Each structure stands twice: as structure tokens, then as C-alpha cells.
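Reviewing the structure listed below.
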Amino acid sequence: MGANEVRAPAVKPIAGTEFSPREIEDAVRRGGLLSLELEMTRACNLRCIYCYAQAGEPMENEIRFEELVDAVQQATDLGARKMVVLGGGEPCLYREFRRLVDYLADLDTVVEVFTNGTLIDRDLAGFLYDRGVSVVVKRNSGDPQTQDALAGSPGTFDQIRNGLNLLLEAGYPDENHGMGVQTVICRRNLAEIPQLWRWARRRGITPYFECMTLQGRAAHTESLHVTTAEVRRVFAELCRIDREEFGLAWTPHPPLVALSCSRHLYSMVVKANGDLYPCVGVTIPVGNIRRERLADVIRNSPVIDDLRHVYERIKGPCRNCRYNGLCYGCRGNAYQLTGDYLASDPCCWVPGEAAEEAQEDGCAEECSRGPASEPNVLCRSLCDFMRTQLVAEGVVFDEDTSFAAVGLDSLGLMELLLFVERRFGVEVPEAELTRANLHSVRAFAECVGRLSGLGTAASGEAGGP
Numbered sequence: 037m038g039a040n041e042v043r044a045p046a047v048k049p050i051a052g053t054e055f056s057p058r059e060i061e062d063a064v065r066r067g068g069l070l071s072l073e074l075e076m077t078r079a080c081n082l083r084c085i086y087c088y089a090q091a092g093e094p095m096e097n098e099i100r101f102e103e104l105v106d107a108v109q110q111a112t113d114l115g116a117r118k119m120v121v122l123g124g125g126e127p128c129l130y131r132e133f134r135r136l137v138d139y140l141a142d143l144d145t146v147v148e149v150f151t152n153g154t155l156i157d158r159d160l161a162g163f164l165y166d167r168g169v170s171v172v173v174k175r176n177s178g179d180p181q182t183q184d185a186l187a188g189s190p191g192t193f194d195q196i197r198n199g200l201n202l203l204l205e206a207g208y209p210d211e212n213h214g215m216g217v218q219t220v221i222c223r224r225n226l227a228e229i230p231q232l233w234r235w236a237r238r239r240g241i242t243p244y245f246e247c248m249t250l251q252g253r254a255a256h257t258e259s260l261h262v263t264t265a266e267v268r269r270v271f272a273e274l275c276r277i278d279r280e281e282f283g284l285a286w287t288p289h290p291p292l293v294a295l296s297c298s299r300h301l302y303s304m305v306v307k308a309n310g311d312l313y314p315c316v317g318v319t320i321p322v323g324n325i326r327r328e329r330l331a332d333v334i335r336n337s338p339v340i341d342d343l344r345h346v347y348e349r350i351k352g353p354c355r356n357c358r359y360n361g362l363c364y365g366c367r368g369n370a371y372q373l374t375g376d377y378l379a380s381d382p383c384c385w386v387p388g389e390a391a392e393e394a395q396e397d398g399c400a401e402e403c404s405r406g407p408a409s410e411p412n413v414l415c416r417s418l419c420d421f422m423r424t425q426l427v428a429e430g431v432v433f434d435e436d437t438s439f440a441a442v443g444l445d446s447l448g449l450m451e452l453l454l455f456v457e458r459r460f461g462v463e464v465p466e467a468e469l470t471r472a473n474l475h476s477v478r479a480f481a482e483c484v485g486r487l488s489g490l491g492t493a494a495s496g497e498a499g500g501p
């Protein structure tokens, strides 16, 4: 297969990748939302040994259907266009699950359900497909013994396989029905991660692979923990597989493989008891939907304010990383490991000594260079931004590829300007950017540097914010 040939069909995005930087910036500015994550119950039929929520038995006084509807209505009033059904435990066990899906499907929103897949039968698969729901199913191993051990329940492998097959038979995935598989990278499945990745790619399924957050049961299961160096090598291998086998280009950095996480800028989590969290990893209740309105929490919570300005307030190596403005690591890992949700992600290999080790191993060499030492920091930062946010999956390009060749329109160019302003702290005079200057990343960078005074940064004489 050639480097520019894409085997996997285009499918509906999974996990929030459909929000543009300008939409996210607008949500922060107006104190709004783009998505809401719903954990309706703590009940679960599995006992996954890595579960962040320690799911199993339902909580006392779990949130009622009417309370969820009220939360959703508040979120849509704030601009939310996507509802993510996480469950907390297993969402299919929620007593009003189908009623909730019907309600969400009737709204003008994207609906995405994360499930362990064991309870999907033919009827449920058809129900979800008919309502246009995107589905993400857990799949942590292709080996029955490993999958069952990670799930803490015998027979799980066969149940998940059956659920996946029924979803495929129902018509997933296609351009109107997203489908993903969620895999937690850990000691037990580390060696088979590349196989699991290929399995998903070859079926047009979005691989939603993530680093294990050390909370809940995972914090007490040391036999599952992997080192940062091991995770880095896995990310690099998956990056190579995508580039060489599927013609897909992306930059390897945590916490998600080939995807970026920016949910703190535009989303919140409603827990099964009504508590509101910034995300499932930052376990700080910032309010309760039974007592406070979402708009008031967003406006008044100092935690939410910090996380919505995380690029400016983040501490440590992340603050001057070349990816600041694109990535802020995993805030959940930072909080669980340091107690500070604004600390640098301890599990990230890009800055500091971990990145130097990566360079010695010949992996992602450019990731080890900070803005002050990278001669083409603006070009490289723009390329990274385009790969993760603007350019269609499957398009391979470099600094000299024309914008027309990668399908970048005038709106995309404005997104690039917004990124430059946020990443480098300068305003670029938009009116002076003529089309003649914008035929490639390199030309764009030269023009921006000249007009904004970033020429020194682009030549390696100045750093980031």
C-alpha cells in the first residue's frame, strides 16, 4: 500500500474531534459548552481491574431521568451539540437507557455511547443504529484469557466479540454512524496493542486508545502499570503503522493515540449522584446539577476557570512545550499523581529528560526540541496543528505542500491565525495576509513572522509564552 493510500473508509468522528479551534475558543469566551458527558449509574456487570470509577454496585439516590433531561436542556441552551453517554458503570444497565437515547436522538445533537459491549444484542444494535447513535465498545485484548482477566469476569471476551459483530451487522460504521473501540494501554495487553490497532483500522473503526489513568482500581493494580518509555514506544509504533500501512499522519504525544483531548475547554461531566466534574480524571466536584445550574458553575468555579485557561496557567515543562496551544497532556493524570490539575502531565515524554531518552532511541526526535532550540518552530507547530485539527484524515503533507492540495479553505486559514495568536501570544493583522502569501505552511509562517514580529521565534531566537 502506498504512503498516500487510505484503506479505512471515512467515518463519523469519535470522541469530540469534530469541534474546530474557533468553536472551542468561542465556547470559552462566552462561558458555554459544546458537549456534556453523562454518567447515569455506577452499576456495572463487569469488575474491570483498571476501572477509574470502581464501578459495580449502583450509588444511592442515583440521578433520575427528569434530572438528566434538565441537565441536557441546560447544556443545549449553553450551545452543546454533543451528548456523551458514559454510564460511569455500564450505561445499558441504566433503567431508562432507551428512553434517554430516544430523547437525545430527537434533539439536534450528536449522541455517543460508551459501553462494554457485553449487553448488546441484535435488537439493541438495531435500536442504536436507527437513532443515529455513535457507539464505542471496550476491546482490551484479542486473547480471551487476557480480556476476561482485565474485565474481572469470565466469558467477557465472547460477549464483547458478539456485541461487536452485531453492531457491524447492523451497519456500523458508516458516514452517519460512528463506531470506535476503546482500549486502555496496560501491562497485560502491551504486546498486542499494534494488532488491536490494525484490527480497528482495517474495519473503518476509530481506535480510541488511551493511557491508563492511575485512579480507582488502576491505582491499586501495580501489575498493570507501564513506564512512560514503554508507552512512548507504543505510540511511535502506532504512528509508524498508520503512516506506512494506512497513509495517516499524526504526531505521537499522550494521552490519546492519534487524537487530542481538549474537553476541559468546552465540556463537563454529570456524575450518577448529580455531582459535576471537569472530567472523569479531575475528581473535584465543582457543583451538583440538583442544586446549581450549569451556567452558574461555569461562571463561578475557579477550577473551571483555570482549566478553561489551561494553556496560559499550566505549570512546569508543559508551559513552554512546543505543543502548548495544541495539547495540555492529561489533566486527570496530573491531578491524580500530583494533586495539582495545572501541573505538567508526569506521564508525558515530550519535555525534559523523558524526551531526551526518546531522542536517543531515535523516536519522534523533533518532540524533544522546545521552541527556543527549534529553528523552524512556527512551521513545525503549524504542521502539528493542521494534522491534529484541520486536515482530513489520510492526508500526508509537509511544510511545502500547498494548502489547496490538502483542502484547506479560508475558514481553516483563520483557524491557523487563531492558533498562532493563542500559542505565541501575538495578534496577526489579518487584513494584510493576502492569498499569495498563503500557498503553503512555510509561506504562511514567513508571512506571519514578518507581520507579527515572530520572525525571531521562527528562526529559533525566541521561545513560546
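Per the numbering used here, the very first residue in the sequence shown carries number 37; after that it's consecutive.
A virtual CB, placed ideally from N, CA and C, is assigned to each residue, including glycine.
Bear in mind that the values here come from a model prediction, so they are computed numbers and not experimental data.
Review point. At which residue ranges does the region 74-120 contain complete alpha helix (DSSP H) runs of 4 or more residues, listed in the order of the chain?
Key: The alpha helix (DSSP H) runs of length 4 or more contained entirely in the region 74-120 are, from start to end of the chain, 101-113.
Exercise for review: Work out the CA separation of TYR88 and GLY125 for me, nearest whole Å.
Suggested key: Using only the alpha carbons, I get a separation of about 10 Å.
Review point. Are the CB atoms of ASP179 and THR192 nearer to each other than 8 Å?
Key: No, Cβ-Cβ distance for ASP179 and THR192 is not below 8 Å.
Check your understanding: What does a CB cutoff of less than 8 Å around ASP194 pick up in its chain, not counting 5 residues either side in sequence?
Key -> PRO180.
Review point. Is the Cβ-Cβ distance between LEU69 and MET215 less than 8 Å?
Key: Contact check for LEU69 against MET215 fails: the beta carbons are separated by 8 Å or more.
Point to revise | ASP332, enclosing alpha helix (DSSP H) - first and last residue | key: Segment 330-336, the alpha helix (DSSP H) holding ASP332.
**Study point:** Candidates CYS222, THR242 and SER170, of which the one nearest THR249 by Cα
**Key:** Answer by Cα proximity: CYS222.
Review point. What separation, rounded to the nearest whole angstrom, lies between the Cα atoms of ARG3 and ASN81?
Key: The structure shown has nothing for residue 3, since the chain only spans 37 to 501.
Check your understanding: For ALA111, which residues from the same chain have a beta carbon less than 7 Å from its beta carbon, with the 5 sequence-adjacent residues on both sides left out?
Key -> Around ALA111: LEU69, LEU72 and LEU330.
Review point. According to the Cβ coordinates, are LYS118 and GLU93 closer than 8 Å?
Key: Result no, Cβ atoms of LYS118 and GLU93 do not sit closer than 8 Å.
Review point. Run through DSSP, which three-state label would HIS289 get?
Key: Coil.
Practice item. Name the two residues that bound the continuous alpha helix (DSSP H) containing LEU203. Key: Per DSSP, LEU203 is one residue of the alpha helix (DSSP H) stretching across 192-206.
**Study point:** CB contact below 8 Å: SER71 versus chain C
**Key:** Chain labels in this structure do not include chain C; a single protein chain is all it has.
Review point. From ASN324 to GLY153, what does the alpha carbon distance come to, in whole angstroms?
Key: When rounded, the separation of the alpha-carbon atoms in ASN324 and GLY153 is 29 Å.
Practice item. Please state whether DSSP places CYS247 in a helix, a strand or coil. Key: It is a strand residue.
Check your understanding: ASP142 to ARG269, Cα distance in whole Å?
Key -> Their Cα atoms are separated by approximately 44 Å.
**Study point:** Three-way DSSP call (helix, strand, coil) for ASP179 in this model
**Key:** Coil at ASP179, not helix or strand.
Review point. Hey, would you say GLY317 sits closer than 8 Å to ARG367, going by beta carbons?
Key: Result yes, Cβ atoms of GLY317 and ARG367 sit closer than 8 Å.
Check your understanding: What are the partner residues of LYS174, as DSSP defines its beta bridges?
Key -> Its beta-bridge partners are GLN218.
Practice item. Report the three-state DSSP secondary structure of LEU143 (helix, strand or coil). Key: Residue state, collapsed to three classes: coil.
Review point. In terms of alpha-carbon separation, which member of ARG478, PRO321, ALA236 and ALA63 lies closest to ARG344?
Key: When the alpha-carbon of ARG344 is set against those of ARG478, PRO321, ALA236 and ALA63, the nearest one is in ALA63.
Point to revise | Rounded separation between LEU292 and VAL262 - CA only | key: Answer to the nearest angstrom: the Cα atoms are 15 Å apart.
Review point. Ordered along the chain, which non-local residues of its own chain (more than five positions away) have a Cβ less than 8 Å from that of CYS419?
Key: Its chain contains PHE433, ASP434, GLU435 and VAL477 as the residues whose beta carbon lies nearer than 8 Å to that of CYS419, once the 5 sequence neighbours on both sides are disregarded; these appear in chain order.
Check your understanding: Touch check for the region 353-367 and the region 332-342: three-plus C-beta pairs under 8 Å?
Key -> No: fewer than three Cβ pairs fall under 8 Å.
Exercise for review: For the alpha helix (DSSP H) containing LEU232, list its first residue and its last residue.
Suggested key: Note, LEU232: alpha helix (DSSP H), 229-237.
Point to revise | Where HIS213 sits in the DSSP three-state scheme | key: In this structure, HIS213 counts as strand in the three-state DSSP scheme.
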